[in-house]
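Undergrad: This is the structure, below, for whatever I ask next.
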Amino acid sequence: MASINTIEFKDGKLCLLDQRKLPKLFSIFECQNYRDVEFAIKDMVVRGAPAIGVAGAYGLVLAASEFIELPKEEFLEQMKESVNVIGNSRPTAVNLMWAVKRMEAIIEENKEKSNVDIYKALLAEANTIEKEDLETNKAIARHGNEIVPENATILTHCNTGALATVGYGTALGVIREAYYSGKNIRVFVDETRPRLQGAKLTAWELVQEGIPATLIPDSVAPVLIRDGKIDLIIVGADRVASNGDTANKIGTYMLSQIAKDFNVPFYIAAPISTIDFEIASGEEIVIEERDSMEITHINGVRIAPEGIEVYNPAFDVTPNSNITGIITEKGIIRQPYSLNLAKLRQIQGC
Ligand code: MRU
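Terminal number for the sequence shown in our numbering: 604, no gaps in between.
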């Protein structure tokens, strides 16, 4: 398997593989300070729920190093501001808030210690979050592989691979696992308008590894599903509510609805850090709206007339009733989600 370094903290800098430029250019975006990380998350240099969580954690390591010489009180003030800035850089994927909360807890626990000690503790926590992500994805992949039949055609949406995580991926991790365990699979990849994460990123990951894949316009998916060409749909998640309602890339809801009409199993693959136990249902999920230029322009060239109004939500919410199962690192959660996710929460103590 080709190794992709999406996120690397080295020599006191956060090095991100610039996903805005793939697959044409393979370039590294260096974050020297936490404002660079804020920019990188907002502008989608780094994207995908788990990846922005890890990047956010390192953003706070950079903040601690930036303010390390300040008197303790000012240092803590600046850290508070950084937590706020990083935590609010994108609103939908809960992994970002989850990682920032873990880092905030480290600051709180160590606040009586020196700034240097706080920095060291933050760096250790960010390293742990990074390491855990890869292990978690491998576990999701193993559980997910159990529901992939031999000779399966699998449809996926957006990018949930090594680029969206520290490595291996969630939904794409399941696909990888199925392929490397010797199953004869084919993947159908939605191009994923308007940012084209499917065409630019997922297709790139699959081609690099020689996993059989076909790229399709998003609007072809319903036809393939109706015609019995898809055995299974697996997508990722940006936030799962306590009742199983799931926010993911715009277009996911539409897929789930068609899948339900034609009895095609529809799975979410996501780490437990994507589950927001604080919210009861998908109604409480804030959906990010992105710049109208993502719709009116292609590669910087205007394609829509001046003066047209644009609505560009980046995510939608799939109701729990459309979801066959949620593949986590602790196994596959099925209906009734409110009950089974509550049980998972108890076991995890989160
Ligand atoms: O806007 P993006 O590219 O950050 O959206 C990504 C998705 O919607 C993914 O499906 C989700 O974050 C899961 S990534 C493992």
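Built from N, CA and C at the ideal position, the CB exists for glycine as well.
Under three-state DSSP, which class holds HIS551?
TA: By one-based count along the sequence shown, residue 551 stands at place 297. In this structure, HIS551 counts as strand in the three-state DSSP scheme.
Undergrad: Look at PRO610 and LEU486 and say whether their C-beta atoms are less than 9 Å apart.
TA: Residue 610 falls outside the range modelled here, since the chain spans only 255 to 604, and no answer is possible.
Undergrad: Do you know offhand how far LYS483's Cα is from ASP472's?
TA: If you number the sequence shown from 1, residue 483 lands on position 229. If you number the sequence shown from 1, residue 472 lands on position 218. So the alpha carbons of these two residues sit roughly 15 Å apart.
Undergrad: Skipping 5 residues on each side, what residues in its chain have a beta carbon closer than 7 Å to that of LEU276?
TA: Start at 1 with the first residue of the sequence shown, and residue 276 comes out as number 22. Counting only Cβ-Cβ distances below 7 Å, and skipping sequence neighbours, we find LYS454, LEU455 and TRP458.
Undergrad: Is it the case that the Cβ atoms of MET333 and ALA353 are separated by a distance below 9 Å?
TA: Locating residue 333 in the sequence shown gives position 79, where the first residue counts as 1. Locating residue 353 in the sequence shown gives position 99, where the first residue counts as 1. No, these two residues do not count as a Cβ contact at 9 Å.
Undergrad: Could I get the ranges of all uninterrupted beta strand (DSSP E) runs contained in the stretch 479-560, with 3 residues as the minimum, in chain order?
TA: 486-489, 493-495, 500-503 and 520-523
Undergrad: Sort out for me which residues DSSP pairs ILE580 with in a bridge.
TA: Translated into positions along the sequence shown, residue 580 becomes position 326. ILE522 and ILE587.
Undergrad: Between VAL489 and the ligand MRU, is there a pair consisting of the residue's CB and a ligand heavy atom that are separated by less than 8 Å?
TA: Counting from one through the sequence shown, the residue named residue 489 turns up at place 235. Yes, the beta carbon of VAL489 sits closer than 8 Å to at least one heavy atom of the ligand MRU.
Undergrad: In the DSSP assignment, find the unbroken alpha helix (DSSP H) run with ARG274 in it and report its ends.
TA: On the sequence shown, position 20 is the one that residue 274 refers to. Looking at the DSSP string, ARG274 is not in any alpha helix (DSSP H), and its letter there is neither H nor E.
Undergrad: For THR582, is the classification buried or exposed, using 16 other Cβ atoms within 10 angstroms of its Cβ as the cut-off for buried?
TA: For the purposes of this step, residue 582 is taken as residue 328 along the sequence shown, with counting starting at 1. Counting Cβ neighbours within 10 Å, THR582 comes out buried, since at least 16 surround it.
Undergrad: Does at least one heavy atom of the ligand MRU sit under 8 Å from the Cβ of ALA425?
TA: Taking the first residue of the sequence shown as 1, we reach residue 425 at position 171. Yes, the beta carbon of ALA425 sits closer than 8 Å to at least one heavy atom of the ligand MRU.
Undergrad: How about GLY302 and GLY490: do their beta carbons lie closer than 9 Å?
TA: Translated into positions along the sequence shown, residue 302 becomes position 48. Translated into positions along the sequence shown, residue 490 becomes position 236. Taking 9 Å as the Cβ cut-off, GLY302 and GLY490 qualify as a contacting pair.
Undergrad: By alpha-carbon positions, which one of GLN600, PHE321, ALA432 and MET547 ends up nearest to ALA558?
TA: Position 304 of the sequence shown, counting from 1, holds the residue named residue 558. For the residues GLN600, PHE321, ALA432 and MET547, the minimum Cα distance to ALA558 belongs to MET547.
Undergrad: Just to confirm the assignment, what range does the alpha helix (DSSP H) spanning VAL337 have?
TA: Sequence index remark: in the sequence shown, residue 337 carries index 83 (1-based). VAL337 -> alpha helix (DSSP H) spans 326-341.
Undergrad: If you follow the alpha helix (DSSP H) that GLU431 is part of, which residue opens it and which one closes it?
TA: Position 177 of the sequence shown holds residue 431. Run containing GLU431: 425-434, per the alpha helix (DSSP H) assignment.
Undergrad: Roughly how many angstroms separate the alpha carbons of ALA380 and PHE321, rounded to a whole number?
TA: Within the sequence shown, the letter at position 126 stands for residue 380. Within the sequence shown, the letter at position 67 stands for residue 321. Approximately 18 Å between the Cα atoms of the pair.
Undergrad: Compute the minimum distance between the beta carbon of GLY313 and the heavy atoms of the ligand MRU, and state whether it is under 8 Å.
TA: As a first step, residue 313 must be located in the sequence shown, where it is residue number 59. Flag unset: Cβ of GLY313 not near the ligand MRU.
Undergrad: Quick check: is any heavy atom of the ligand MRU less than 8 Å from the C-beta of HIS397?
TA: Within the sequence shown, numbered from 1, the residue matching residue 397 stands at position 143. No.
Undergrad: Counting beta carbon pairs with one atom in the stretch 495-507 and one in the stretch 370-386, are three or more of them shorter than 8 Å?
TA: A contact is defined here as three or more CB-CB pairs under 8 Å, and the stretch 370-386 fails this definition with respect to the stretch 495-507.
Undergrad: Hey, would you say VAL441 sits closer than 9 Å to ALA467, going by beta carbons?
TA: By 1-based counting over the sequence shown, the position of residue 441 is 187. By 1-based counting over the sequence shown, the position of residue 467 is 213. Yes, the pair counts as a contact, with Cβ atoms nearer than the cut-off.
Undergrad: Quick check: is any heavy atom of the ligand MRU less than 8 Å from the C-beta of ARG447?
TA: Here residue 447 corresponds to residue number 193 of the sequence shown, with the count starting at 1. Checking every heavy atom of the ligand MRU against the Cβ of ARG447, none is found closer than 8 Å.
Undergrad: Starting from GLU284, trace the beta strand (DSSP E) both ways and give me its first and last residue.
TA: Walking along the sequence shown from the start, residue 284 turns up at place 30. Unbroken beta strand (DSSP E) run through GLU284: 282-285.
Undergrad: Nearer than 8 Å: is that true of the beta carbon of GLY302 relative to any heavy atom of the ligand MRU?
TA: Locating residue 302 in the sequence shown gives position 48, counting from the first residue. Taking 8 Å as the cut-off, one finds at least one heavy atom of the ligand MRU near enough to the beta carbon of GLY302.
Undergrad: Can you tell which of PHE531, LYS264, TYR521 and HIS551 has the C-alpha that lies nearest to the C-alpha of VAL428?
TA: On the sequence shown, position 174 is the one that residue 428 refers to. Closest by alpha carbon: TYR521.
Undergrad: Tell me the start and end of each unbroken alpha helix (DSSP H) in the stretch 335-395 that is at least 4 residues and wholly inside, in chain order.
TA: 348-363
Undergrad: Are the CB atoms of ALA316 and CYS285 nearer to each other than 9 Å?
TA: If you number the sequence shown from 1, residue 316 lands on position 62. If you number the sequence shown from 1, residue 285 lands on position 31. As written in the sequence, residue 316 is Leu, which differs from the Ala given in the question. Yes, the Cβ-Cβ distance between LEU316 and CYS285 is below 9 Å.
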